[in-house]
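Colleague:
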Amino acid sequence: MFPTFEVVPAVDMQDGEVVQLVQGEKGTETTYGDPVKAAEEWIAQGAETLHLVDLDGAFDGERKNADAVDAILNSVDVDIQLGGGIRTADDAFSLLSRGVDRVILGTAAIENPDIVAEISQEYPGSVMVSLDAKDGEVLVSGWTESTGLDPAEAVTRYEELGAGAILFTDVDVEGQMDGVRTDPVRRVADAVEIPVVASGGVTTVEDVVTLRETGAAAVVVGSALYQGAFTLSDARNALE
181 MFPTFEVVPA VDMQDGEVVQ LVQGEKGTET TYGDPVKAAE EWIAQGAETL HLVDLDGAFD
241 GERKNADAVD AILNSVDVDI QLGGGIRTAD DAFSLLSRGV DRVILGTAAI ENPDIVAEIS
301 QEYPGSVMVS LDAKDGEVLV SGWTESTGLD PAEAVTRYEE LGAGAILFTD VDVEGQMDGV
361 RTDPVRRVAD AVEIPVVASG GVTTVEDVVT LRETGAAAVV VGSALYQGAF TLSDARNALE
C-alpha cells in the first residue's frame with residue numbers, strides 16, 4: 181500500500197453526484213457532476229488510487245450512493261478505498277468481496293474498535309481507520325459529534341487491532357482552499373508504523389510536498405483538483 185507517496189483524488193458523492201463540502205457541513209457543497217466520469221478522468225490523468233466517500237452514508241448511516249460505487253468498480257482498474265455508512269463487518273465484507281481494496285471506518289471504529297480486528301482477520305490490511313479531527317478532537321457521525329479523543333493517542337490502538345492504514349483529516353482546514361497544517365499530521369504519522377494518509381486544506385503543489393515531509397504516505401485531494409488549482413501531473417512533477 182502506497183510504496184511511494186501518492187496524490188489520491190477524492191470522489192465524494194451526495195445524491196448521486198460528486199460534491200465538495202467546506203469543513204464537512206451540509207449546504208456548503210459545490211457539485212461536480214457524475215461520479216463515474218470523475219473517476220475515469222482522474223485515472224486518465226494518472227491516478228493510481230481513488231478515494232470514494234458516500235456522504236449520505238456518513239451523515240445518515242445509510243449508503244445511498246451504492247449504485248454509483250458499483251458503477252465505478254465496474255469501470256476502473258485502480259485501487260479503491262471507500263468510506264461512508266459502513267457500520268458493520270458484514271457491510272465491509274460485502275464491499276471487499278466486490279472489489280473494494282480498502283474500507284474506511286470512522287464512526288464504526290470509534291464506537292466498536294473490535295470491528296477493526298474482525299475485518300482485518302478476514303481481509304488483512306483492508307481496514308483504513310478514519311480519524312477526522314477538529315480543534316484537536318476526533319469527530320464522528322459525518323463530522324457532527326466530537327468524541328474528545330486525541331487523534332495521535334487514538335491511532336495507536338487501531339494499529340494494534342490490525343488496521344492497515346489511517347486516514348487523518350484536518351477538518352479545521354478541510355475544503356477551505358487555504359493551505360494545510362503540518363503539526364497535526366506529523367503527530368499522527370509519528371505515532372504509528374502503518375501508512376497515514378493526510379487530508380484537508382491542500383491548495384497548492386507546495387502543500388502536497390509539505391505533507392510528504394510530515395511522514396504521510398499519501399494525500400487525498402478534492403477541491404484543489406476540482407477547481408483546477410493544480411493537476412495530478414503538476415503534483416507528480418513537484419514531488420519528483
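One gets the numbering used here by counting positions in the sequence shown from 1 and adding 180 to each. Cβ coordinates follow ideal geometry from the N, Cα and C atoms, glycine included.
1. Report the residue from Asp247, Tyr303, Gly279 and Phe182 whose alpha carbon sits nearest the alpha carbon of leucine 256.
2. Can you determine whether any heavy atom of the ligand SAM sits closer than 6 Å to the C-beta of phenylalanine 182, and answer yes or no?
3. Could you have a look at glycine 237 and say whether DSSP puts it in helix, strand or coil?
4. Would you mind stating whether valine 335 and valine 372 have Cβ atoms separated by less than 7 Å?
5. Does arginine 243 come out as helix, strand or coil in the three-state DSSP assignment?
6. What are the residues that DSSP puts in a beta bridge with arginine 282?
7. Could you tell me the alpha carbon to alpha carbon distance between phenylalanine 185 and aspartate 192, rounded to whole angstroms?
8. Count the C-beta pairs between the region 223-241 and the region 258-269 that are closer than 8 Å, then say yes if the count reaches three, no if not.
9. Would you be able to state if there are at least three C-beta pairs under 8 Å between the region 409-416 and the region 358-374?
10. Express the C-alpha separation of serine 310 and arginine 282 in angstroms, rounding to a whole number.
11. Considering only residues of the same chain and omitting the five flanking positions on each side of lysine 314, which have a CB-CB separation below 6 Å?
12. So, for lysine 244: in the same chain, excluding its five sequence neighbours on each side, which residues have a beta-carbon less than 6 Å away from its beta-carbon?
13. Looking at the structure shown, is valine 401 part of a helix, part of a strand, or coil, going by DSSP?
14. Which residues in the same chain have their Cβ closer than 7 Å to the Cβ of alanine 396, if we skip the five residues on either side of it in sequence?
15. Measuring CB to CB, does alanine 251 end up less than 7 Å from valine 216?
16. Are the Cβ atoms of valine 388 and valine 187 separated by less than 7 Å?
17. On the CB-based measure, 16 or more other CB atoms within 10 Å of its CB, does glycine 328 come out buried or exposed?
18. Distance check for alanine 398 and valine 382, CA to CA, integer angstroms please.
19. Out of curiosity, what's the CA-to-CA distance linking alanine 238 and aspartate 214?
20. What do you get for glutamate 354, buried or exposed, if any count of 16 or more other CB atoms within 10 angstroms of its CB means buried?
Modeller: For this structure:
1. Contrary to the premise, residue 256 reads as valine rather than leucine in this sequence. Ranking the options by Cα distance to valine 256, first place goes to Gly279.
2. The model depicted lacks the ligand SAM and carries no ligand whatsoever.
3. helix
4. yes
5. DSSP places arginine 243 in coil when its eight states are reduced to three.
6. Gln261
7. Annotation: phenylalanine 185 to aspartate 192 spans about 21 Å, alpha carbon to alpha carbon.
8. Yes: the two stretches touch, three or more of their Cβ pairs being nearer than 8 Å.
9. no
10. 12 Å
11. Val351 and Asp352
12. Asp236
13. strand
14. For alanine 396, same chain residues with a beta-carbon under 7 Å away, outside a window of 5 residues either side, are Val365, Ala369, Val376, Val377 and Ala378 in chain order.
15. yes
16. Going by beta carbons, valine 388 and valine 187 fall inside the 7 Å limit.
17. exposed
18. 12 Å
19. Their Cα atoms are separated by approximately 19 Å.
20. buried
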